[in-house]
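For the sequence shown, the working numbering begins at 3 and goes up steadily by one.
Right, one structure below, let's go through it.
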Amino acid sequence: MAAMGLLRQGLQRAKRRPAACLIRMRVSCRSPRCIDPPVSASSSSVPHYQTAGARRADLIVHVAGLALAIGGGAAMLWRAAANEALLLATCVYALGLLVMFACSAAYNFAAPARQPVLRKLDHAGIFVMIAGSYTPLLVLALSGTWRWSMIGVVWGVALFGVFAKLCLPGLGKGFWVAIYLLLGWVGMVAIKPMVAGLPTAVLWLIAAGGLIYTIGVGFYVRKSMVYNRALWHAHVLGGALAHWAAIWLCLRPLPAA
3 MAAMGLLRQG
13 LQRAKRRPAA
23 CLIRMRVSCR
33 SPRCIDPPVS
43 ASSSSVPHYQ
53 TAGARRADLI
63 VHVAGLALAI
73 GGGAAMLWRA
83 AANEALLLAT
93 CVYALGLLVM
103 FACSAAYNFA
113 APARQPVLRK
123 LDHAGIFVMI
133 AGSYTPLLVL
143 ALSGTWRWSM
153 IGVVWGVALF
163 GVFAKLCLPG
173 LGKGFWVAIY
183 LLLGWVGMVA
193 IKPMVAGLPT
203 AVLWLIAAGG
213 LIYTIGVGFY
223 VRKSMVYNRA
233 LWHAHVLGGA
243 LAHWAAIWLC
253 LRPLPAA
């Protein structure tokens, strides 16, 4: 009985401890230092834009990207109108491009309180854009089993990336860089039929776009660089422009579906 009494007393003291600790924390946290604690240099001490010039530069890049998505996408849809299958694939591409630049602009220029949610949408939009860029090229270059297998793989990876970004927190930056690069270069699996099915100039533009994206990752990971966001998004715009040109070259007069 004595042991049970001691155990009961110990449990009661343990229950009271968090409340007492919370009271002490409330008293001590009245100082300005506790209310607005300093951020260590190793955490998110770097502001979203370090200078007004960096913000303006990134804004210019986003305006150019949205112009490409809207104007370039509309022109491409007009050019692909004679072929129903290609028109659908091109529509997917144009929407993917618009989603990416719109989500990126919404995140980067939103109020800080809204940025955590918009950041996930921004990163998810990149998966949609990459898969959308592949879609018309795969429709043009491949046929039969190759075409549908590659479209399935590309969109499977992209949709997994969107799901993971929105629903699986805590995955490291290395994982995301790897999956973006995996999706960007997965087309190498079908390099033989793609080389056979696409003009040489188109292949060079596709490779150039992939290389530009890959180089841009180097700026994306360098958070301390003043213009890192503008440079990263400029490389995204450059890669998107190269792939837009590649798809445009493929849309020379085609027979109706």
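All C-beta atoms, glycine included, are put in the ideal place defined by N, C-alpha and C.
Counted within 10 angstroms of its Cβ, other Cβ atoms place residue i as buried (16 or more) or exposed
{"i": "Leu170", "result": "exposed"}
{"i": "Phe165", "result": "exposed"}
{"i": "Lys167", "result": "buried"}
{"i": "Leu173", "result": "exposed"}
{"i": "Val212", "result": "Looking at the sequence itself, residue 212 is Gly, so the reference to Val does not match. Classification for Gly212: buried."}
{"i": "Val63", "result": "buried"}
{"i": "Val197", "result": "exposed"}
{"i": "Leu99", "result": "buried"}
{"i": "Ile132", "result": "buried"}
{"i": "Ala56", "result": "buried"}
{"i": "Trp246", "result": "buried"}
{"i": "Ala126", "result": "buried"}
{"i": "Ser226", "result": "exposed"}
Test item: CB-CB of residue i and residue j under 8 Å
{"i": "Leu139", "j": "Arg149", "result": "no"}
{"i": "His75", "j": "Leu142", "result": "Checking the sequence, you will find Gly at residue 75 rather than His. Taking 8 Å as the Cβ cut-off, Gly75 and Leu142 do not qualify as a contacting pair."}
{"i": "Leu201", "j": "Leu251", "result": "The amino acid occupying residue 201 in the given sequence is Pro; Leu does not appear at that position. Their beta carbons are under 8 Å apart, which means Pro201 touches Leu251 by this criterion."}
{"i": "Ile214", "j": "Ala248", "result": "no"}
{"i": "Leu243", "j": "Leu70", "result": "yes"}
{"i": "Ala108", "j": "Ala232", "result": "no"}
{"i": "Ile128", "j": "Met102", "result": "yes"}
{"i": "Val219", "j": "Leu185", "result": "no"}
{"i": "Leu97", "j": "Gly134", "result": "yes"}
{"i": "Leu161", "j": "Ala192", "result": "no"}
{"i": "Thr216", "j": "Leu183", "result": "yes"}
{"i": "Val155", "j": "Val179", "result": "no"}
Residue i (DSSP reduced to helix, strand or coil)
{"i": "Ala84", "result": "coil"}
{"i": "Leu140", "result": "helix"}
{"i": "Gly174", "result": "coil"}
{"i": "Ser145", "result": "coil"}
{"i": "Val228", "result": "coil"}
{"i": "Tyr51", "result": "coil"}
{"i": "Pro114", "result": "helix"}
{"i": "Val223", "result": "coil"}
{"i": "Pro265", "result": "Because the chain in this structure spans residues 3 to 259, residue 265 falls outside the shown range and cannot be described."}
{"i": "Leu253", "result": "coil"}
Below-8 Å beta-carbon distance, residue i vs any chain D residue
{"i": "Gly134", "result": "The question asks about chain D, but that chain is absent: this structure has only one protein chain."}
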